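Residue numbers (the numbering used here): -6 to 306.
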């Protein structure tokens, strides 16, 4: 039986790549020195695509593959895919939610600890001999008793809330509407929630409604003792407003795993001592990446065998 053909925009962890190589003919676009020429040669044969956030799936690419049936995104976010074009073409799109929840939530709490307890600064202070030269480093802040305002109480937001409660933090949240069965106080107005938050934690999805949701007005409401932590998407925050707020002492600090124009990070953020930066590491563990890869493989297998998927977008 002829193997179905997949266009691979990204590699998967080794065990899952081995499964795909066994079951499909793979076209490794990221390795090609002439991607356009490669696409022209295989365009009529490709039935599935394995995509990733860093490599946009444009309308042009979708239209260039007339027999494309399914796009399997290696990740949770799928704003890098032209969903409208995919739907118009009848192309199924799947992603890998749930499996990244715990690791992403851990990064959120880790960034909160790093900023409030000044852990990165402390590491530098110890490594560079400043402890012996200057004595005890200035104090940080405890998490206990602080209020965390979570923007978007979905899977990741709820997991962050559970962890924050274990540190003795109070939880409030913002979203378009209250959710039944959620005991945390809900704020429909983000600025009002920011005013009473010590840590503003961003876990919401990115879209038109959340583009630059956190701007100068929200940062001013958060105040000069408040900390912003972003583990959602960079464009949820106006980076220019954030830099102004950090440089001007409008807020106390920030922990950032995501940025507006990844992988580029503004030099101004890199220079600030009150900012902790991560290179989009939310789900970056061996365990989670393998779980993501397996869910992607299972989605493809189920689709081609039964016309069904586990995690449709």
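For every residue, glycine included, the Cβ atom is placed at its ideal position computed from N, Cα and C. This structure is a prediction, so every number in the text was calculated from the model and none was measured.
Quick one: give me the first and last residue of the beta strand (DSSP E) that residue 144 is part of. Translated into positions along the chain shown, residue 144 becomes position 151. Counting along the chain, the beta strand (DSSP E) containing residue 144 begins and ends at 140 to 144.
Proximity winner among 292, 287 and 296, relative to residue 9 (alpha-carbon distances): Numbered from 1 along the chain shown, position 16 holds the residue referred to as residue 9. Nearest C-alpha to residue 9: 287.
Measure the CB-CB distance between residue 222 and residue 195 and report whether it falls below 8 Å. Indexing the chain shown from 1 puts residue 222 at position 229. Indexing the chain shown from 1 puts residue 195 at position 202. Their beta carbons are under 8 Å apart, which means residue 222 touches residue 195 by this criterion.
Between the CA atoms of residue 59 and residue 164 - distance to the nearest angstrom: On the chain shown, position 171 is the one that residue 164 refers to. On the chain shown, position 66 is the one that residue 59 refers to. Between the alpha carbons of residue 164 and residue 59 lies a gap of roughly 49 Å.
Inter-stretch contact at 8 Å, needing at least 3 Cβ pairs: the segment 101 to 111 / the segment 72 to 88: The segment 101 to 111 and the segment 72 to 88 do not touch, with fewer than 3 CB-CB distances between them shorter than 8 Å.
Tell me which residue opens and which closes the alpha helix (DSSP H) that residue 82 is part of. Residue 82 sits at position 89 when you count from the first residue of the chain shown. 76 to 82 is the span of the alpha helix (DSSP H), which, as asked, contains residue 82.
According to DSSP, residues forming a beta bridge with residue 313: Nothing can be reported for residue 313: it is not among the residues displayed for the chain, which extend from -6 to 306.
For residue 328, which of helix, strand or coil comes out of DSSP? Past the boundaries of the shown model lies residue 328; the chain is included only from -6 to 306, so the question cannot be answered.
Whose C-alpha, out of 89, 44 and 253, is nearest the C-alpha of residue 73? Stepping through the chain shown from its first residue, residue 73 is reached at position 80. Of 89, 44 and 253, the residue nearest in Cα terms is 44.
Hey, residue 146 and residue 172: beta-carbon distance below 8 Å or not? Taking the first residue of the chain shown as 1, we reach residue 146 at position 153. Taking the first residue of the chain shown as 1, we reach residue 172 at position 179. Cβ distance < 8 Å, so residue 146 and residue 172 count as in contact.
What do you get for residue 129, buried or exposed, if any count of 16 or more other CB atoms within 10 angstroms of its CB means buried? Sequence index remark: in the chain shown, residue 129 carries index 136 (1-based). By the neighbour-count rule (16 or more Cβ atoms within 10 Å), residue 129 is not buried but exposed.
For residue -5, does the count of other Cβ atoms within 10 angstroms reach 16, so buried, or fall short, so exposed? To locate residue -5, count along the chain shown from 1; it is residue 2. Result: exposed.
I need the DSSP call for residue 201, collapsed to helix, strand or coil. Working through the chain shown from its first residue, we reach residue 201 at position 208. Here residue 201 sits in helix by DSSP.
Using the beta-carbon count (16 or more within 10 Å), is residue 51 buried or exposed? The residue given as residue 51 occupies position 58 in the chain shown. Burial call: exposed.
Assign residue 204 to buried or exposed, taking buried as 16 or more other Cβ atoms, counted over all protein chains shown, within 10 Å of its Cβ. Start at 1 with the first residue of the chain shown, and residue 204 comes out as number 211. Exposed: under 16 other Cβ atoms inside 10 Å.
Between the CA atoms of residue 141 and residue 157 - distance to the nearest angstrom: Taking the first residue of the chain shown as 1, we reach residue 157 at position 164. Taking the first residue of the chain shown as 1, we reach residue 141 at position 148. Distance between the alpha carbons of residue 157 and residue 141 is about 8 Å.
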